[in-house]
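Numbering (the working numbering), first residue to last: 243 to 382.
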C-alpha cells in the first residue's frame, strides 16, 4: 500500500511540475536576458527537483526495506531483480524511478545545468552501501 501511495505522489509531482510555466517580464534594462536566465534557472530547478526525488525514493526504499534490518541477501536479490528488469512491484517502481532520474539527468545536462550534486547514480549508491555492509559483516 505504501508503494502505491509513493507512486501516486511521484506521479503528482511530475504532473504538477510539468504544468508549471510562470515566466514574468521585469522592468530591467535587458528584459530578454532576465527572462532567459529566469527560464533557464526554472528549467534546471525542475530537473533537479525530479532527480532529487527519484534519488531519495530509491535510497529510502532500500534503507527502509533492507538496510534497517541488515538484510543483505534481500538487498542483493532486489538489486539482481532490478538489474534484470523483473516484473515484481518493488523492482518495477525502482526501475521507473531510475528511468526518471536518468531522463531528467540527460535533459538537465543538455540544458547545461550544474549537476555537481548528482554525480552518483542512486543504484550505485545502494550498491556501495551493500558492499560496505558486506565488508563489515565479513570482518566480524
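Yeah, the Cβ is synthetic: ideal placement off N, Cα and C, and Gly gets one too. Keep in mind that this is a model prediction, so the values were computed, not measured.
Exposed or buried, what is residue i when buried is set at 16 or more other beta-carbons lying within 10 Å of its beta-carbon?
| i | result |
| --- | --- |
| residue 365 | buried |
| residue 310 | exposed |
| residue 287 | exposed |
| residue 382 | exposed |
| residue 325 | exposed |
| residue 353 | exposed |
Confirm, please, whether the CB-CB distance from residue j to residue i is below 9 Å.
| i | j | result |
| --- | --- | --- |
| residue 314 | residue 375 | yes |
| residue 296 | residue 307 | no |
| residue 319 | residue 327 | no |
Excluding five sequence neighbours on each side, which residues of the same chain lie with their C-beta closer than 7 Å to the C-beta of residue i?
| i | result |
| --- | --- |
| residue 351 | 357 |
| residue 371 | 309 |
| residue 360 | 293 and 347 |
| residue 263 | In this prediction, residue 263 has a pLDDT of 46, which is less than 50 and means its spatial position is unreliable; what the coordinates show is noted afterwards. Excluding sequence neighbours, residue 263 sits near nothing in its chain. |
| residue 304 | 317 and 368 |
My understanding is that residue i touches residue j, with C-beta atoms under 8 Å, so please give their C-beta distance in whole angstroms.
| i | j | result |
| --- | --- | --- |
| residue 300 | residue 336 | 6 Å |
Leaving out the 5 sequence neighbours to the left and right, which residues in its chain are closer than 8 Å to residue i when beta-carbon positions are compared?
| i | result |
| --- | --- |
| residue 369 | 321 |
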